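A.B. asks: Got a structure for you, written out below as structure tokens; questions coming shortly.
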Ligand code: GUN
């Protein structure tokens with residue numbers, strides 16, 4: 001029997017994907033338009049290639065048109081800007097994703113700012129980040145949005161709770177802090193310079209860890225009954241593990257995401273949701 005404390009990220013992802021598939025079908029019947037996602041990959045990083053492949057397969061399953069644009073590793077910023085601008089102008093593309101990391105000679109922030117805000121699949125454009133901060137959540141980063149959706153699916157109360165986030169990245173920590181504040185949690189954001197991490201984590205009703213440090217979070221660092229989201233992915237002896245010492249904390253938590261099969265699968269399905277939402281908004 002499945003452990004009821006373990007959040008089934010794959011099941012939530014499947015549910016979101018099915019919502020997008022039926023929403024896409026209806027949208028296409030009504031408008032004659034197929035929602036379109038363009039992915040941009042610069043260079044041939046193996047992990048990035050795999051992520052792009054997974055995203056394209058998910059689009060196929062949901063009835064979304066997906067096209068891949070690959071540029072060589074030594075492309076210039078101007079070449080990348082030109083490609084993004086071409087995609088901004090394409091009527092059959094409603095969503096654009098530039099896979100990160102970019103090669104070190106390219107400016108990621110400049111690339112994010114080139115994407116038209118209404119086609120911003122990742123929600124990384126400053127306009128969308130700014131809207132999120134003032135409580136207007138439209139295109140917001142996919143991983144935090146997936147985490148909030150999981151909280152809704154599992155009836156996790158947010159208002160008035162102590163939420164502690166470890167990791168202050170633009171991709172996860174900062175946007176998630178804004179989303180939790182928008183839902184009236186009391187939010188603490190910890191990071192690599194935080195003195196006495198345990199002092200914060202032991203107060204957390206909801207704990208989200210996004211550091212990539214294997215088994216950073218031990219059983220004595222968490223509060224009895226906490227809800228835990230583990231965004232970390234690393235390897236110990238060839239085995240994929242998260243930031244949380246899963247087996248050790250399991251008896252103490254009320255809910256926890258596993259790694260793999262927790263937060264990861266939800267992120268791609270949110271990307272599909274964004275593509276459909278953008279297609280709807282653009283064609284209103
Ligand atoms: N690389 C790793 N995660 C992500 C993500 O969420 N979006 C993009 N564009 N690149 C990534």
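Residue numbers (full-length UniProt numbering): 1 to 284. Don't be surprised by glycine CBs; every beta carbon is placed ideally from N, CA and C. The model shown is predicted, which means the values in this text are computed figures rather than measured ones.
1) Please list the terminal residues of the continuous alpha helix (DSSP H) segment that includes residue 27.
2) Look up residue 69 in the DSSP assignment and say whether it is helix, strand or coil.
3) Have a look at residue 75 and residue 94 and give me their C-alpha separation to the nearest angstrom.
4) Once DSSP output is grouped into helix, strand and coil, what is the label at residue 198?
5) Please report the straight-line C-alpha distance between residue 199 and residue 71, rounded to a whole angstrom.
6) Which partner residues does residue 136 have in the DSSP bridge list?
7) Pick out the complete alpha helix (DSSP H) segments inside the segment 90 to 122, 4 residues or longer, and give them in chain order.
8) Helix, strand or coil: which one does DSSP assign to residue 193?
9) Would you mind giving the Cβ-Cβ distance between residue 210 and residue 163, rounded to the nearest angstrom? I have them listed as a contact below 8 Å.
10) Mind checking which residues open and close the beta strand (DSSP E) that includes residue 250?
11) Cutting at 8 Å between CB atoms, please list the residues of its own chain near residue 248, excluding the five before and the five after it.
12) Which residues does DSSP pair with residue 187 in a beta bridge?
13) Using alpha carbons as the reference points, say which of 246, 196, 281, 56 lies closest to residue 214.
14) Does the count of Cβ pairs from the segment 253 to 269 and the segment 219 to 232 closer than 8 Å reach three?
15) On the three-state DSSP scale, how would you describe residue 143?
16) Rounded to the nearest angstrom, what separates residue 40 and residue 67 at their Cα positions?
17) With the cut-off set at 8 Å, would you say residue 158 and residue 131 are in Cβ contact?
18) Specify the secondary structure class of residue 210 as computed by DSSP and reduced to three states.
19) Assuming contact is defined by CB atoms lying nearer than 8 Å, are residue 276 and residue 24 in contact in what I supplied?
20) Report the partner residues of residue 234 according to the DSSP bridge assignment.
21) Buried or exposed: where does residue 264 fall if 16 or more other Cβ atoms within 10 Å of its Cβ makes it buried?
22) Can you tell me which of the three DSSP states residue 36 falls into?
23) Ligand 1 heavy atoms versus the CB of residue 275: any closer than 7 Å?
24) Please report how far the alpha carbon of residue 170 lies from the alpha carbon of residue 111, in whole angstroms.
25) Take every Cβ of the segment 41 to 51, pair it with every Cβ of the segment 7 to 18, and state whether three or more of those distances are shorter than 8 Å.
26) Under 8 Å between the Cβ atoms of residue 282 and residue 145?
27) Is residue 122 near ligand 1, going by C-beta to nearest heavy atom under 7 Å?
C.D. replies: Quick look at the numbers:
1) Start at 1 with the first residue of the chain shown, and residue 27 comes out as number 27. First-last of the alpha helix (DSSP H) with residue 27: 9 to 31.
2) Indexing the chain shown from 1 puts residue 69 at position 69. Reduced to three states, the DSSP call for residue 69 is strand.
3) For the purposes of this step, residue 75 is taken as the residue at position 75 of the chain shown. For the purposes of this step, residue 94 is taken as the residue at position 94 of the chain shown. Distance between the alpha carbons of residue 75 and residue 94 is about 24 Å.
4) Position 198 of the chain shown, counting from 1, holds the residue named residue 198. The answer is helix: DSSP assigns residue 198 an H, G or I state.
5) Position 199 of the chain shown, counting from 1, holds the residue named residue 199. Position 71 of the chain shown, counting from 1, holds the residue named residue 71. Cα to Cα, residue 199 sits roughly 46 Å from residue 71.
6) Taking the chain shown and counting its residues from 1, the one referred to as residue 136 is at position 136. Partner(s): none; residue 136 has no beta bridge.
7) 108 to 114
8) Taking the chain shown and counting its residues from 1, one reaches residue 193 at position 193. Note: residue 193 maps to coil in three-state DSSP.
9) By 1-based counting over the chain shown, the position of residue 210 is 210. By 1-based counting over the chain shown, the position of residue 163 is 163. That belief does not hold up - the Cβ atoms of residue 210 and residue 163 are roughly 13 Å apart, past 8 Å.
10) Locating residue 250 in the chain shown gives position 250, where the first residue counts as 1. Looking at the DSSP string, residue 250 is not in any beta strand (DSSP E), and its letter there is neither H nor E.
11) For the purposes of this step, residue 248 is taken as the residue at position 248 of the chain shown. The answer, listed in chain order, is 218, 219.
12) As a working note, residue 187 is residue 187 in the chain shown. Paired residues: 163.
13) For the purposes of this step, residue 214 is taken as residue 214 along the chain shown, with counting starting at 1. The shortest Cα separation from residue 214 among 246, 196, 281, 56 belongs to 246.
14) yes
15) Reading the chain shown from its first residue, position 143 is the one you call residue 143. Helix.
16) Here residue 40 is taken as the residue at index 40 of the chain shown, counted from 1. Here residue 67 is taken as the residue at index 67 of the chain shown, counted from 1. Cα to Cα, the separation comes out at about 9 Å.
17) On the chain shown, position 158 is the one that residue 158 refers to. On the chain shown, position 131 is the one that residue 131 refers to. No; because the gap between Cβ atoms is not below 8 Å, this pair is not in contact.
18) In the chain shown, the residue the question calls residue 210 occupies position 210. In the structure shown, residue 210 sits in coil (DSSP, three-state: anything other than H, G, I, E or B).
19) As a first step, residue 276 is located in the chain shown; it is residue number 276 there, counting from the start. As a first step, residue 24 is located in the chain shown; it is residue number 24 there, counting from the start. A contact, by the Cβ cut-off of 8 Å.
20) In the chain shown, residue 234 corresponds to position 234, counting from 1. Note: residue 234 sits in a beta bridge opposite 241.
21) Mapped onto the chain shown, residue 264 falls at position 264. It is buried - the Cβ of residue 264 has at least 16 other Cβ atoms within 10 Å.
22) Here residue 36 is taken as the residue at index 36 of the chain shown, counted from 1. DSSP places residue 36 in strand when its eight states are reduced to three.
23) For the purposes of this step, residue 275 is identified with residue 275 of the chain shown, where counting begins at 1. No - ligand 1 has no heavy atom lying nearer than 7 Å to the Cβ of residue 275.
24) Here residue 170 refers to the residue found at position 170 of the chain shown. Here residue 111 refers to the residue found at position 111 of the chain shown. In a straight line, the C-alpha of residue 170 is about 15 Å away from that of residue 111.
25) no
26) Within the chain shown, residue 282 is the residue found at index 282, counting from 1. Within the chain shown, residue 145 is the residue found at index 145, counting from 1. Against a cut-off of 8 Å, the Cβ pair of residue 145 and residue 282 comes out as no contact.
27) By 1-based counting over the chain shown, the position of residue 122 is 122. Indeed, a heavy atom of ligand 1 lies less than 7 Å from the Cβ.
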